[in-house]
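Those sequence lines, one after another, are chains V and Y. The opening residue of the first sequence carries number 1 in UniProt numbering; numbering runs sequentially from there. The opening residue of the second sequence carries number 1 in UniProt numbering; numbering runs sequentially from there.
Number of protein chains: 2
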Amino acid sequence: MKRMKAMIAYDGSGFAGYQVQPDSRTVQQELMNVLKTIHKGQIVQVVASGRTDAKVHATGQVVHFDTALVIPVAGWLKALNVLLPEDIRVLAIEETDSSFHARYHTSGKTYRYKWDRSQIISPFTRNYMVHTKQRPDVAAMRQAAEAVLGTHDFSSFCAANTGVVDKVRTIRRLDFEEHGEELHMVIEGSGFLYNMVRIIAGTLMEIGLGRRHADEMAEIIAASDRSAAGKTAAAHGLYLEQVVYKG
Amino acid sequence: MKRMKAMIAYDGSGFAGYQVQPDSRTVQQELMNVLKTIHKGQIVQVVASGRTDAKVHATGQVVHFDTALVIPVAGWLKALNVLLPEDIRVLAIEETDSSFHARYHTSGKTYRYKWDRSQIISPFTRNYMVHTKQRPDVAAMRQAAEAVLGTHDFSSFCAANTGVVDKVRTIRRLDFEEHGEELHMVIEGSGFLYNMVRIIAGTLMEIGLGRRHADEMAEIIAASDRSAAGKTAAAHGLYLEQVVYKG
Chain V
1 MKRMKAMIAY
11 DGSGFAGYQV
21 QPDSRTVQQE
31 LMNVLKTIHK
41 GQIVQVVASG
51 RTDAKVHATG
61 QVVHFDTALV
71 IPVAGWLKAL
81 NVLLPEDIRV
91 LAIEETDSSF
101 HARYHTSGKT
111 YRYKWDRSQI
121 ISPFTRNYMV
131 HTKQRPDVAA
141 MRQAAEAVLG
151 THDFSSFCAA
161 NTGVVDKVRT
171 IRRLDFEEHG
181 EELHMVIEGS
191 GFLYNMVRII
201 AGTLMEIGLG
211 RRHADEMAEI
221 IAASDRSAAG
231 KTAAAHGLYL
241 EQVVYKG
Chain Y
1 MKRMKAMIAY
11 DGSGFAGYQV
21 QPDSRTVQQE
31 LMNVLKTIHK
41 GQIVQVVASG
51 RTDAKVHATG
61 QVVHFDTALV
71 IPVAGWLKAL
81 NVLLPEDIRV
91 LAIEETDSSF
101 HARYHTSGKT
111 YRYKWDRSQI
121 ISPFTRNYMV
131 HTKQRPDVAA
141 MRQAAEAVLG
151 THDFSSFCAA
161 NTGVVDKVRT
171 IRRLDFEEHG
181 EELHMVIEGS
191 GFLYNMVRII
201 AGTLMEIGLG
211 RRHADEMAEI
221 IAASDRSAAG
231 KTAAAHGLYL
241 EQVVYKG
């Protein structure tokens with residue numbers, strides 16, 4: 001058996017999320033359907049770095065699967081992209097060590113969150129950016145972002161319905177980029193709790209819109225209480241951009 | 001009665017085209033539905049500069065309609081965009097002369113056709129650009145484009161199923177722009193026959209891919225025969241970008 005590691009991109013608009021669930025179109029199910037076809041009916045498990053929610057996009061999700069088939073990597077790339085629906089693309093694939101694990105061996109992830117500050121949102125970006133008609137104060141968002149950097153208990157930025165006990169995570173980078181009317185938040189960390197990026201984005205936007213003060217961010221983190229933070233930003237602005245592995 | 005002129009953009013992906021047709025979702029029908037709501041059930045006719053086909057996009061379509069309502073333009077813009085589905089946006093609206101006609105008074109139109117030359121097409125652009133995996137020779141396409149400029153009988157570039165008799169049109173501009181992996185054809189002319197832009201795009205791409213020689217373009221025009229030209233390029237690469245009016 002060979003273990004294959006693939007980097008994939010998907011447009012989350014048409015999916016109920018990454019992970020398989022009954023009666024829903026999911027990225028994992030589409031990948032498994034195609035691998036089943038390639039393996040002549042045999043079920044092949046696919047393991048991702050983590051799940052993404054409905055409408056959330058990926059430009060650099062990583063998955064692994066095991067195969068007994070002897071196919072060169074160019075052949076894998078071609079076969080997968082011919083068989084997959086167009087809203088999922090395999091960007092790269094390689095044979096990896098049999099001990100590699102797409103989920104357990106991550107050492108970090110980068111997410112990007114996109115807002116569109118245009119007066120009228122383009123019909124072409126409606127599924128790919130979140131519209132904010134009122135112009136946010138990006139300087140205030142940058143100032144508040146500083147409090148997020150480093151190692152903290154992120155209980156305030158974790159959806160209540162989760163079984164995770166250890167909520168300490170390390171954020172290495174939290175930048176804002178402005179590309180014309182687009183405003184991007186780029187966040188890189190050791191790992192993320194459920195909805196953590198979207199709650200951080202939502203809270204920082206409330207600060208940008210003057211509904212909260214930039215100084216509050218440190219207090220919100222210290223509160224270790226979901227109700228202290230802002231609203232969860234909409235799913236369709238979020239992109240899983242990169243997954244980094246140990247070693 | 002006041003005549004209102006509006007510039008609209010739409011993502012063609014979810015429409016069977018601009019023009020109303022039974023049991024299909026069309027841009028015109030969505031506009032008329034919203035105007036009917038605003039006019040408390042009264043039917044308001046909407047006239048566009050011309051129809052666009054299924055999957056064809058617009059970034060600068062122009063329409064007009066008549067209304068007895070007294071609403072400031074900012075109010076019109078807001079009301080229309082609140083009520084319209086997100087894949088249609090009104091970009092601008094103004095009161096215009098009652099003699100203005102969105103279809104009859106056009107003096108020119110600009111279309112843009114987009115190809116993606118990436119090895120693997122992004123899942124985010126699949127509905128907005130046409131993938132060409134083989135890299136086209138843009139210099140050859142530019143050379144061939146020169147033959148298209150000026151006033152010609154464009155019968156070779158007109159879908160056979162049309163009742164139009166006069167097939168003479170003037171092309172004022174035909175440029176290729178390269179934006180990273182994107183290749184755009186921008187074409188501006190006095191008017192366009194049915195499928196004319198897509199047949200020109202398809203024929204120029206065949207030249208770019210070496211299936212025809214750049215010199216053939218003049219002969220194809222001279223033939224005045226649809227079968228002399230190349231295939232009609234796919235609809236989802238096409239954008240109606242600008243409509244120009246007389247006077």
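Glycine residues also receive a C-beta, built at the ideal position from the N, C-alpha and C atoms.
Alpha carbons only, please: which of VAL148/V, LYS114/V, ALA16/V is nearest the one belonging to LEU240/V? LYS114/V
Does the distance from the C-beta atom of ARG126/V to that of GLU30/Y stay below 8 Å? Against a cut-off of 8 Å, the Cβ pair of GLU30/Y and ARG126/V comes out as no contact.
Express the C-alpha separation of ILE88/V and ILE88/Y in angstroms, rounding to a whole number.
In this model, ILE88/Y and ILE88/V are separated by some 26 Å (Cα to Cα).
Query - Cut-off 8 Å between Cβ atoms - residues of its own chain near GLU26/Y, not counting five sequence neighbours on either side - result: In the sequence on display, residue 26/Y carries Thr and not Glu. For THR26/Y, where only same-chain residues beyond five positions count, the Cβ hits under 8 Å are PHE15, ALA16, GLY17, TYR18, GLN19, VAL20.
Is it true that the CB of PHE124/Y sits closer than 8 Å to the CB of ASP11/V? yes
| message | For chain Y, check one thing: does any of its Cβ atoms lie closer than 8 Å to the Cβ of LEU91/V? | response | yes
Original post:
Going along chain Y in order, which residues have a C-beta closer than 8 Å to the C-beta of SER49/V?
Top reply: By Cβ distance, chain Y contributes nothing, its closest Cβ being about 18 Å from SER49/V, past 8 Å.
Please work out which residues of its chain come closer than 8 Å, Cβ to Cβ, to THR232/Y, disregarding the five sequence neighbours upstream and downstream, and give them in chain order. So the qualifying residues of the chain are ALA159, ASN195, ARG198, ILE199, GLY202.
Legend entry - Environment of ARG112/Y [buried if 16+ CB atoms lie within 10 Å]: buried
Does the segment 70-84 of chain V touch the segment 125-140 of chain V, meaning 3 or more C-beta pairs lie closer than 8 Å?
Too few Cβ pairs lie closer than 8 Å, so no.
What would DSSP say about THR203/V, mapped onto helix, strand or coil? Helix, per DSSP.
* Cβ separation of PHE192/V and MET141/V, assumed to be a contact under 8 Å, to the nearest whole Å -> At roughly 19 Å, the Cβ-Cβ gap does not stay under 8 Å, so PHE192/V and MET141/V are not in contact.
* According to DSSP, which residues form a beta bridge with GLY17/Y? -> ASP53/Y
Quick one: what's ARG3/V bridged to in DSSP? ASP66/V, THR96/V
Notebook entry, point to check: Any C-beta of chain V sitting closer than 8 Å to the C-beta of ILE120/Y?
Noted result: yes
task = Could you list the residues in the segment 106-140 of chain Y with a C-beta less than 8 Å from some C-beta on chain V, going in chain order?
result = ILE120, ILE121, SER122, PRO123, PHE124, ARG126, TYR128
(request) Whole angstroms is fine: what's the gap from LYS133/Y's alpha carbon to VAL46/Y's? (result) 40 Å
**Item:** Supposed contact pair ILE221/Y and SER156/Y - C-beta distance, whole angstroms, cut 8 Å
**Value:** At roughly 6 Å, the Cβ-Cβ gap stays under 8 Å, so SER156/Y and ILE221/Y are in contact.
Problem set entry | Those runs of the beta strand (DSSP E) which lie wholly inside the segment 64-150 of chain V and span at least 3 residues | 88-96, 106-116
(Q) Give me the subset of the segment 8-25 of chain Y whose CB atoms are less than 7 Å from a CB atom of chain V, sorted by chain position. (A) ALA9, TYR10, ASP11
- Item | Contact list for GLU86/V against chain Y, beta-carbon separation under 8 Å | ILE121, PRO123, ARG126
(request) Give a yes or no on whether 8 Å exceeds the smallest Cβ distance from ASN81/Y to chain V. (result) yes
Margin query: Tell me whether GLU30/V, by its Cβ, gets closer than 7 Å to a heavy atom of the ligand SAM.
Written below: Annotation note on the ligand SAM: not contained in the displayed structure, which lists no ligands.
Taking the continuous alpha helix (DSSP H) assigned at GLU219/V, which residues delimit it?
216-223
message = Assuming ILE93/Y and LEU83/Y are in contact, meaning their beta carbons sit under 8 Å apart, how far apart are those beta carbons, in whole angstroms?
response = That belief does not hold up - the Cβ atoms of ILE93/Y and LEU83/Y are roughly 13 Å apart, past 8 Å.
### Task
Return the first residue and the last residue of the alpha helix (DSSP H) that VAL27/Y is part of.
Residues 27-38.
query: What is the DSSP secondary structure of VAL164/Y, reduced to helix, strand or coil?
result: coil
Q | Rounded straight-line distance, which links the Cα of ASP225/V to that of GLU219/V | A | 10 Å
query: From HIS57/V, MET1/V, ARG172/V, ARG117/V, pick the residue whose C-alpha is nearest to that of ASP97/V; which is it?
result: MET1/V
Residue range of the unbroken beta strand (DSSP E) whose run includes GLN42/Y = Boundaries cannot be given for GLN42/Y, as no beta strand (DSSP E) includes it and DSSP labels it neither H nor E.
**Message:** Quick check: the Cα distance between ALA144/Y and LYS246/V, rounded to an integer number of angstroms?
**Reply:** 53 Å
| Looking only at DSSP bridge pairs, what is ALA48/V linked to? | Beta-bridge pairing by DSSP links ALA48/V to VAL63/V.
Hey, GLU181/Y and ARG117/Y are a contact pair by Cβ (cut 8 Å); roughly how many whole angstroms apart? 5 Å
Helix, strand or coil for VAL189/V? Go by DSSP, reduced to three states. According to the sequence displayed, residue 189/V carries Gly and not Val. In the structure shown, GLY189/V sits in a strand (DSSP, three-state: E or B).
Work out the CA separation of GLN242/V and LYS36/V for me, nearest whole Å. Approximately 27 Å between the Cα atoms of the pair.
Discussion item. Assuming LEU240/Y is part of the beta strand (DSSP E), what are its boundary residues?
Written reply: 238-245
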